[in-house]
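Written below as structure tokens is the structure these notes are about.
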Ligand SMILES: Cc1cc2nc3c(=O)[nH]c(=O)nc-3n(C[C@H](O)[C@H](O)[C@H](O)COP(=O)(O)OP(=O)(O)OC[C@H]3O[C@@H](n4cnc5c(N)ncnc54)[C@H](O)[C@@H]3O)c2cc1C
Ligand code: FES
Ligand code: FES
């Protein structure tokens, strides 16, 4: 098959689009669907700027995923975490802890943090750092990103306590 | 200390929400109606060659192709992606030998990745497919990968303008005997009690900003050339593009998009000339050019690598009586910032210690690498690696504590800085050294690690640095700012200073709020639009807060002065009697008499004629403060850095344990941003010392043009980081601020190298200090 | 140069194994099989071309990870490195593979990359490959003509070349159950934490009392394929392993390896540390 129609649920919305066999999920999100919050940093799996969540909590690289193989799957992007202008606790944590400089790695970092916390709600420093491998940041030296993840863990705990 | 309303507070930065949702628009995120895609075809198989034949005919017929362009299809002047020519008077530029040796497409390939031709097509994919069909025949030329090779008399000349392939050396007209310095080095060296000397190698490090380069260009129906780019110098690109394409500046617009990191990579131009040349060929159609990550390595600038020889003479009491140095760097294929780095590398040396005499030679030779340009620190990392290791060697010979030696011999207030004759207005380096040493446990650890046995060895090292806050008086320093007060007493601050992620716009907004006496939220920064922004030399030399901030302060003070003058008129008093609280201006002592800033601003704008009296109802005119600011000072920051490492002596592997970075920042306008910059700088500095280098095979083809093989320190490689902001407000900087943008990268380099020395008793003189080099050095040493 | 856009290809998306095998028997060597795609797609963005790409993603029942004391471990063709890392059974019984999985790549890559893909990539730097070679076991290959099992020792023929025929899909990896005194370990040397190995090593030792009964030692990045170290193994077998014995491996290993200079390290360095890495891996396996 050279082209096919696929249906993706992106950030809760069902979207149907025609994709070429050789299109990556990253290209489809950015070019076909205009969701440019997912970034191209290297295209070869090293930088993590293109990270999206599969089924809500599983970080994958959209630059190394064929869109055609994603028919029927649920994808979350950074823009989809925020609801009605209200930041997701993980996003709020990056704001609170100044974990954002140029911002190019940020959407991927946020996706990754959701993934880390889904598995390890209360991660140690070492677990955070190990979990952040594969998301390159050239601005922050990771210090404030690690504290953002810690802060995110607290905010998520507060939120689930409140629920 | 002065109580400020917003300065010194780490309020959420103005762009965090759009960045954390991913909605901030970087150049690659923009899409325009009718947009075409441009692909640059680059020479990949040769680092030095002549193009014998270029056949675009097959490519031109590929589906989706709109136009193919070779070197002969381009109508543009040659150019220099660097900007130093704009920063010095023309005669000085001539003396320095700045040249324009770049063309959009070339027939003489000078490095792998040089641009041969371009394809414009309806989609990225169509452009890529057509690019594969371009037929080029090359005549390979000898490949020169070191200065020593390209300086040979029979070497192929890179340009007729630079005989012998020497792109630059310090010109004799400005620097007697082509050297920067003072005193009689030969005599002092001869009289020295002992000398330390070595030839070091410093690596070709890549900025690796996370956003790959991307551009959109459009030659619109109005005959204007528009370019969307993430350059960190929008106004310099503005004039450079105008000159290149013979257009008046009023016919060129540069729109700066959100910048995904700079670190020097975006200092000047990169792909703008190519994107614009393609757009000129298809008037009315926007052309988008997206670089791959690989193109970043092979077709954009990096740090200058090369051999760095240094010799320091000391007297018995430890006085550094003479320093003599030569940095001979490998320029790459084009001139770009040829003069800049070759000079500043020595200036940081001169500015650091109380050298009795100093002589520095800087020169750079063309080589067949991707060109070298600006990278954070601009020569300072190279000098730190060399100077600080030699100082360490001397301290160990002298048997003195390296911290104490540095405290005694570093330059400080009143001494000449990097530019002889311009003295340091402030220096808190002693406090940096003291606090840093205490934080890492210097004294205890130096003693503890003195006599180790076993496989794993620890060491702690120290290094110091000085940098700059803008380039005064060497280069043009100029930022223009307009502070326009809206009728509701909010303000629009218009200037062309760049925020590359360092947080500059937030800090400038804080400065504006403070200077106007308005709330932070009352201010909006309008930047990155060459049509509405006045001149700014661009983000380089760590100048944005020191110079740009001073421009904002000055423009805001100008607006505030007018506001107060009008208040005085309304309240029938003198300006001196007035104070402002919460944007209400009170006549002191008679607090029942006041007028709000909002009323003054509104009456200036909605200045009606009263029907009854026929008179105007208030003082007319929208208030606008203005500053075309040319600083008359420079307040360099200092820093002391301490590193602890652990080395596995069986494998040579090095683990970073801790890094303490104490910085003399003057006053931190936005402390979290300052810390963030210093922490990010530390990651890059430790990378310079340990892992980062672009390397090439013998044919000049890059071997590691990807993150797979160009290794940066990741989250798990980073040590415990402690950042200490030593705040000792500078008398001249805006609100006491000095620079903090580049500085963080520098001192970690020497600190890590010196920690290795402490752990092993061996110095590694070639950066990066890899496990391979450590193990080899241990072997050569006969063990440790 | 790598491209931002993948080359043109026809995508095959079989719904079950039978269909996949049929497609392979028809198109054979024109097909690039794709499991996680973390190698295939990266190679395609560089210069690898294939008229067909066959994604295994739509085939059900290939992501199993089954452990039983009698039969050992069965790893499906779509079982990811992350599944290995998360598995208590693997952690307990196949420590080398588990350690390889935890050190492997990045969380995102682990979520997609398969163990079998690592074996099929036939790179001498493959981390799971190195652990699997030490652990022993077989790769199950299936074609329309049926199934066959190839011992891991015979699986890699050369750099990027395996015993798989173009019409076969690797459907499963089988690892034998560990014995009572079996311990295993994996270690690697890298430039930074996240990296491909400049040298990796794995050991499986069956120890009876203090005496080593069998030893399987594997090393990567010292030749065109990940390889066993038979001479070093012979030194260990039948002896109590102590520091002095281990030290003798430093010399013996030199005749078993042929490392080269490449972008990650030098031949000289690899030779200098091969013995060190091996000793440490063995000690770690003994402690397992
Ligand atoms: C950023 C990054 C980091 C990496 N780090 C590491 C690392 O640390 N260690 C390491 O070892 N590797 C690493 N890799 C390489 C890669 O992730 C692994 O080799 C991975 O295990 C491949 O699995 P996959 O499922 O993605 O394979 P694919 O890419 O799908 O396939 C790999 C090869 O196997 C073939 N193949 C796959 N499945 C089958 C099958 N069932 N039958 C027949 N043939 C098949 C394919 O045709 C292809 O030749 C890294 C890769 C990236 C991009
Ligand atoms: S863009 Fe996908 S990992 Fe870099
Ligand atoms: S904030 Fe710039 S790369 Fe992370």
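Protein chains in written order, with this note's numbering: chain S, 744 to 906; chain U, 11 to 794; chain D, 25 to 312. Ideal placement from N, C-alpha and C gives every residue a C-beta, glycine not left out.
query, result
"Residue 27 (chain D) to residue 878 (chain S) span [Cα, whole Å]", "21 Å"
"Cut-off 7 Å between Cβ atoms - residues of its own chain near residue 88 (chain U), not counting five sequence neighbours on either side", "110, 111, 112, 113"
"Cutoff 8 Å: residue 220 (chain D) Cβ touching any chain U Cβ", "yes"
"Reference residue 193 (chain D), options D:31, D:35, D:47, D:25, closest by Cα", "D:47"
"Residues bridged to residue 748 (chain S) [DSSP beta-bridge criterion]", "S:761"
"Chain-ordered neighbours of residue 714 (chain U) on chain D, where CB pairs are closer than 7 Å", "287"
"Residue 788 (chain S) at chain D interface by Cβ criterion, 8 Å", "yes"
"Residue 478 (chain U) and residue 646 (chain U) closer than 8 Å at C-beta", "yes"
"Endpoints, alpha helix (DSSP H) assigned at residue 135 (chain D)", "131 to 136"
"Delimiting residues of the alpha helix (DSSP H) encompassing residue 695 (chain U)", "681 to 700"
"Simplified DSSP assignment, three categories, for residue 210 (chain U)", "strand"
"Sequence-distant residues of its chain with Cβ nearer than 6 Å to residue 289 (chain U) (five each side left out)", "227, 228, 229, 297"
"Cutoff 8 Å: residue 760 (chain U) Cβ touching any chain D Cβ", "no"
"Every unbroken beta strand (DSSP E) inside the region 37 to 121 of chain U [3 residues or more]", "46 to 52, 59 to 65, 75 to 79"
"Closer than 7 Å at the beta carbon, the chain U residues around residue 802 (chain S)", "Neighbours of residue 802 (chain S) on chain U: none; closest Cβ ~14 Å, over 7 Å."
"Rounded C-alpha distance that separates residue 450 (chain U) from residue 652 (chain U)", "7 Å"
"Pairwise C-alpha distance: residue 102 (chain U) and residue 490 (chain U)", "24 Å"
"Residue 845 (chain S) and residue 752 (chain U) closer than 8 Å at C-beta", "no"
"Contacts around residue 786 (chain S), its chain only, beta-carbon distance under 6 Å, and the 5 residues preceding and following it disregarded", "806"
"Within-8 Å CB hit, residue 62 (chain D) to chain S", "yes"
"Neighbouring residues, chain D, relative to residue 724 (chain U) (Cβ below 8 Å)", "216, 217, 218"
"Expected contact under 8 Å - CB spacing of residue 410 (chain U) and residue 443 (chain U) to nearest Å", "So it is not a contact: roughly 14 Å between Cβ atoms."
"Neighbourhood of residue 224 (chain U) by C-beta, 6 Å cutoff - its chain only, sequence neighbours within 5 removed", "37, 38, 300"
"Residue-chain proximity (residue 293 (chain D), chain U), Cβ-Cβ < 8 Å", "yes"
"Any C-beta of chain D under 8 Å from that of residue 656 (chain U)", "no"
"Residue from D:145, D:286, D:36 whose Cα sits closest to the Cα of residue 215 (chain D)", "D:286"
"Identified DSSP bridge partners for residue 794 (chain S)", "S:804"
"Residues near residue 308 (chain D) by beta carbon distance below 7 Å, same chain, minus five either side", "209, 211"
"Reduced DSSP category for residue 141 (chain D) - H, G, I as helix; E, B as strand; rest coil", "helix"
"CB contact below 8 Å: residue 73 (chain D) versus chain U", "no"
"Contacts that residue 886 (chain S) makes with chain D (C-beta to C-beta distance below 8 Å)", "Simply none; closest approach about 16 Å."
"Element boundaries [alpha helix (DSSP H), containing residue 520 (chain U)]", "514 to 526"
"Residue 471 (chain U) and residue 767 (chain U) closer than 8 Å at C-beta", "yes"
"Residues within the region 172 to 186 of chain D neighbouring chain C, beta-carbon criterion of under 9 Å", "The structure shown contains no chain C; the protein chains it does contain are S, U and D."
"Closer than 7 Å: residue 843 (chain S) CB and nearest ligand 3 heavy atom", "yes"
"Contact set between residue 659 (chain U) and chain D, taken where Cβ atoms lie within less than 8 Å", "By Cβ distance, chain D contributes nothing, its closest Cβ being about 10 Å from residue 659 (chain U), past 8 Å."
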